[in-house]
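Here the structure is laid out as structure tokens; the discussion comes afterwards.
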Amino acid sequence: METGLSDKNFPQNFPTKMSGKLTHKIIIKNDYVRADGTCALYVQIFLDGKMKRLPLNISIEPKNFDKKNQRVKGKSQHAKDLNLIISQKLADINKIAVSYRLNGTYLSLEKLLEELANPSIKADYLKFYEYHLEKQKEILKPGTYRQQKATLTKLKKFRENIFFYEITDEFLNELVAYCKNKLGNEKTTIQTTLKNFKKYLHIANKNGIRTPLIYEDIEVKSFKGQRTYLNSNEVKALYEYRNSSFTIDSHRCVLNRFLFSCFTGLRISDNLAITEENVIGDHLVFVASKPGKFQKILLTESAKKFININGPLFNDNFTEEHINRELKSIAKVCGIKKTLTFHVSRHTFATNFLLTGGRVEVLQKLLGHSNIRETMIYVHITDSIMDEQIVNLDTIIKEPQPD
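If you count the sequence shown from 1, position 300 lands on 302 in the working numbering, and the numbers rise without skipping.
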């Protein structure tokens with residue numbers, strides 16, 4: 003029979019397994035009596051054949067507990083207050099169960115306990131983001147965790163609270179404007195912020211939290227970004243500053259790491275992870291944090307200048323954040339106008355490797371790129387440098403300009 007209804011009239015995201023029967027009751031744990039003669043009250047929950055007792059932080063004398071009505075006896079204000087606490091806890095449990103049922107989402111005992119322990123994560127996106135970020139901390143790579151933590155910090159500065167019902171197109175435009183105009187973020191940084199925002203919105207939507215703007219509505223564009231690198235004169239300036247007797251120890255330690263990567267191409271995560279055990283003969287042997295491949299790099303005489311051959315390779319235990327702060331200070335001292343971050347050392351290695359005659363397929367292996375298209379970006383950079391330099395030949399027979 004024709005109904006005139008399309009598939010759009012019916013929910014598409016129904017659970018593969020329906021939630022089991024949820025029951026609960028208030029009990030008094032009278033097998034343990036405190037010194038004052040009172041016993042603790044618990045809410046006992048049954049779901050999917052599992053049982054959990056949650057303390058209500060209420061203790062009363064057993065004679066004051068009404069087992070039939072599961073409440074505290076008496077009409078005093080104190081008894082009324084305790085019964086209000088009991089009713090609120092049961093209401094919280096039922097509210098969560100109804101929410102999951104209406105959203106067609108499976109509710110496990112673990113999920114129920116999680117939501118009872120963190121009631122605000124269903125309302126506030128920032129609380130939800132923070133909770134799930136910490137849950138993933140052990141499985142995320144340290145660099146990924148720090149990046150997503152930085153996005154959370156940025157979002158907290160943007161808004162003290164971000165309620166799920168506020169996440170609209172207008173909200174997203176305001177966030178982008180804040181990153182661009184207030185913080186001065188580049189396109190790549192803004193896209194990273196949006197990517198992380200979208201990730202935790204996706205988790206929220208999958209957990210049945212409805213938002214005016216869903217994660218699928220957020221388009222995260224991919225920008226190649228500007229590859230900042232140092233030319234040979236700028237590398238020499240840093241090297242001379244590193245050797246100066248006036249250089250403070252923290253700057254010298256940071257420059258040892260940075261310049262080492264200028265001659266090896268190591269990412270900061272690998273630079274911080276390697277030890278003397280990774281040096282075998284004249285080679286550095288390690289498993290790169292990204293993309294997890296085994297790498298073997300020859301240590302040139304220049305690279306060896308920045309590490310200790312005997313004992314720990316570097317004389318510091320700085321964090322990535324501290325190193326990048328120090329690099330900005332070092333750039334000012336050395337008169338380098340470029341924005342100096344640790345990743346510039348990797349771009350510097352790649353660009354100067356090609357400029358001094360290195361082959362692109364060799365560079366691909368040294369950088370650990372799985373796709374040569376990533377490496378070809380540096381070929382385009384060196385091509386543009388050569389185009390600029392060949393124009394200098396025009397000065398040989400340049401005609402004098404008339405007065």
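We put the beta carbon where it would ideally sit given N, CA and C, even for glycine. Every value quoted in this text rests on a predicted model; they were computed, and no experiment measured them.
In the DSSP assignment, residue 142 falls outside any beta strand (DSSP E) and carries neither an H nor an E.
The region 278-287 and the region 361-374 do not touch, with fewer than three beta-carbon pairs separated by less than 8 Å. Here residue 234 is not near residue 265, since their CB atoms are 8 Å or more apart.
Cβ-Cβ separation between residue 166 and residue 206: approximately 7 Å, consistent with a contact (criterion under 8 Å). Linking residue 372 to residue 139 through their CA atoms gives a straight-line distance of about 26 Å. For residue 44, the enclosing beta strand (DSSP E) begins and ends at 41-49.
Beta bridge pairing from DSSP links residue 53 with 48.
Taking 8 Å as the cut-off, the beta carbon of residue 320 is found no closer than this to the beta carbon of residue 261. In this structure, the beta-carbon distance from residue 251 to residue 215 does not fall below 8 Å.
Annotation for residue 350: 231, 232, 237, 264 place their beta carbon closer than 7 Å to its own, counting only its chain and skipping 5 residues before and after. By the CB criterion at 8 Å, residue 115 and residue 54 fall inside the cutoff. With contacts defined by Cβ atoms closer than 8 Å, residue 92 and residue 99 do not form a contacting pair. Per DSSP, residue 87 has no beta-bridge partner at all. As a beta-bridge residue in DSSP terms, residue 297 pairs with 288. By the CB criterion at 8 Å, residue 332 and residue 344 fall outside the cutoff. Under the DSSP assignment, residue 232 falls outside any alpha helix (DSSP H); it carries neither an H nor an E label.
The residue among 269, 289, 190 with its C-alpha nearest the C-alpha of residue 346 is 269. Boundaries of the alpha helix (DSSP H) around residue 332: 322-335. Fully contained in the region 56-141 are the following alpha helix (DSSP H) runs of length 4 or more, in chain order: 79-104, 111-119, 127-137. Its Cα nearest to that of residue 65, the residue 39 stands out among 59, 39, 58.
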